[in-house]
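Peer 1: Numbering-wise (the numbering used here), the sequence shown opens with residue 3 and increments by one. The beta carbon of each residue, even a glycine, is placed where N, CA and C say it ideally should be.
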Amino acid sequence: MGLMRMDALLVEARRKRMAIGGFECWSSAGARAIAEAAAECRMPVIFQATRAEYELMGGAAAMKAIVECYVEQAGIDAALHLDHGASMEEVRTCLDGGFSSVMLDASRLPLEENIAASSEAAGAAHEASCSIEAELGHVGGFEGDLEEVDDEQAGLTDPEEAERFVAETGIDCLAVGIGTVHGEYRREPNLDLDRLARIADRVPLPLVLHGGSGVTDELLLQAIERGIAKINICTDIHKVWIAAVTAARETRTPSLAGRYYEPAQEALKTSIAGIIQKFANGKSW
Numbered sequence: 003m004g005l006m007r008m009d010a011l012l013v014e015a016r017r018k019r020m021a022i023g024g025f026e027c028w029s030s031a032g033a034r035a036i037a038e039a040a041a042e043c044r045m046p047v048i049f050q051a052t053r054a055e056y057e058l059m060g061g062a063a064a065m066k067a068i069v070e071c072y073v074e075q076a077g078i079d080a081a082l083h084l085d086h087g088a089s090m091e092e093v094r095t096c097l098d099g100g101f102s103s104v105m106l107d108a109s110r111l112p113l114e115e116n117i118a119a120s121s122e123a124a125g126a127a128h129e130a131s132c133s134i135e136a137e138l139g140h141v142g143g144f145e146g147d148l149e150e151v152d153d154e155q156a157g158l159t160d161p162e163e164a165e166r167f168v169a170e171t172g173i174d175c176l177a178v179g180i181g182t183v184h185g186e187y188r189r190e191p192n193l194d195l196d197r198l199a200r201i202a203d204r205v206p207l208p209l210v211l212h213g214g215s216g217v218t219d220e221l222l223l224q225a226i227e228r229g230i231a232k233i234n235i236c237t238d239i240h241k242v243w244i245a246a247v248t249a250a251r252e253t254r255t256p257s258l259a260g261r262y263y264e265p266a267q268e269a270l271k272t273s274i275a276g277i278i279q280k281f282a283n284g285k286s287w
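This is how it looks when you write it as structure tokens:
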């Protein structure tokens, strides 16, 4: 079936008031778990990686080959996305490597510089027939090779600026800051759903929520109803993987070290399938 542009999936998801999970992928076993979970749920999925993660898989082209193999075996609709690209060099590496979608995260820059950088990335992505995600406002915490930012100082997305940003950059999907953080939450997350609704009124594109791990189901479903079409999940599935590998090491005496990954892969598949079903919001693809 091959890889699809991410925006092709997300436009339909927003129309249906559902969301597609963007799951961080750092290994072949993880890619297999994501693909099998999506096939089990009969839903599309987004494989995504920061530079640190795609380099763990042998580079962008190697990751693309691995992911595409599992996508074709599973017979699913899927995209492969660069998450939090820190430079145009990373964007071009992933475009050249066969990713179907990229993100340049210039959200730390002043608005005018963010617009300029995101416009350049959009041009490169569209020239390669790929989709582009950009971020306005800022999501706190730590992601990939990007430095940690105190979540209390993370900027929320201004609805009027979002409308201008989308019009001037030509991006396909907008990641918004509405109170989530990457990694562990220091306190109970509280999303600014009114702000999200105002953004959605001004921006017709699919909206993306970073830092979905740790947010309550109720808040996530309310966000989906207000225009969120993609939710990124990393920390929750990292925890599942590490816990399963740790348990396997304590209970198994395998002849091959890779046998430790079998229960981890199955645990990851089960966890991801549950998340995919939740994000479907009662809808079918």
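With H, G and I counted as helix, E and B as strand and the rest as coil, what does DSSP make of K66?
Peer 2: K66 falls in the helix class under three-state DSSP.
Peer 1: Helix, strand or coil for K280? Go by DSSP, reduced to three states.
Peer 2: If DSSP states are grouped into helix, strand and coil, K280 belongs with the helices.
Peer 1: Among the residues of its own chain, which have a CB less than 8 angstroms from the CB of K280, if the five just before and after it don't count?
Peer 2: Within the same chain, K280 has close Cβ partners D219, L222, L223.
Peer 1: Tell me the residue span of the alpha helix (DSSP H) that contains L11.
Peer 2: Residues 8 to 18.
Peer 1: So the beta strand (DSSP E) S103 belongs to, where does it begin and stop?
Peer 2: Segment 103 to 106, the beta strand (DSSP E) holding S103.
Peer 1: If you check the beta carbons only, do A177 and V205 fall under 8 angstroms apart?
Peer 2: Contact: no.
Peer 1: Please report how far the alpha carbon of A33 lies from the alpha carbon of A259, in whole angstroms.
Peer 2: In a straight line, the C-alpha of A33 is about 19 angstroms away from that of A259.
Peer 1: Curious, which full-length beta strand (DSSP E) runs of at least 3 residues does the region 32 to 89 contain?
Peer 2: Entirely contained in the region 32 to 89, the beta strand (DSSP E) runs reaching 3 residues are, in chain order, 47 to 51, 80 to 84.
Peer 1: For G24, which residues in the same chain have their Cβ closer than 6 angstroms to its Cβ, ignoring the five residues on either side in sequence?
Peer 2: Contacts found: I48, Q50, K232, N234.
Peer 1: Determine whether the beta carbon atoms of A266 and E42 lie at a separation below 8 angstroms.
Peer 2: Result no, Cβ atoms of A266 and E42 do not sit closer than 8 angstroms.
Peer 1: Taking DSSP as the reference, what is the three-state secondary structure of L176?
Peer 2: L176 falls in the strand class under three-state DSSP.
Peer 1: Do the CB positions of L106 and C132 come within less than 8 angstroms of each other?
Peer 2: No. Outside cutoff.
Peer 1: Here's the rule I'm using: 16 or more other beta-carbon atoms within 10 Å means buried, otherwise exposed. How should R7 be labelled?
Peer 2: That one is buried.
Peer 1: So what's K285 in DSSP terms, helix, strand or just coil?
Peer 2: Coil.
Peer 1: Restricting to Cα atoms, I'd like to know which of E26, L270, A67 is closest to A246.
Peer 2: It is L270.
Peer 1: What's the gap between the Cα of E137 and the Cα of A108?
Peer 2: Going by the C-alpha atoms only, they are around 7 angstroms apart.
Peer 1: If the criterion is Cβ atoms closer than 8 angstroms, does the pair A76 and A118 meet it?
Peer 2: No. Outside cutoff.
Peer 1: Short of 6 angstroms in beta carbon distance, which residues of its chain neighbour V217, apart from the five on each side in sequence? Order them along the chain.
Peer 2: Closer than 6 angstroms at Cβ, skipping near neighbours: P191.
Peer 1: State the Cα-Cα distance for the pair G4 and T253, rounded to the nearest angstrom.
Peer 2: Approximately 38 angstroms, taken between the alpha carbons.
Peer 1: What are the boundary residues of the beta strand (DSSP E) that L209 is part of?
Peer 2: Where L209 is concerned, the enclosing beta strand (DSSP E) stretches over 209 to 211.
Peer 1: Considering G24, what are the terminal residues of the alpha helix (DSSP H) in which it resides?
Peer 2: No alpha helix (DSSP H) contains G24, which is instead part of the beta strand (DSSP E) from 22 to 26.
Peer 1: Suppose the cutoff is 7 angstroms on Cβ atoms and the five residues either side in sequence are ignored; what does the same chain contact list for A39 look like?
Peer 2: Only K271, I274, A275, I278 meet the Cβ criterion.
Peer 1: Over what stretch of residues does the beta strand (DSSP E) that includes L5 continue unbroken?
Peer 2: From DSSP, L5 is part of no beta strand (DSSP E); its letter is neither H nor E.
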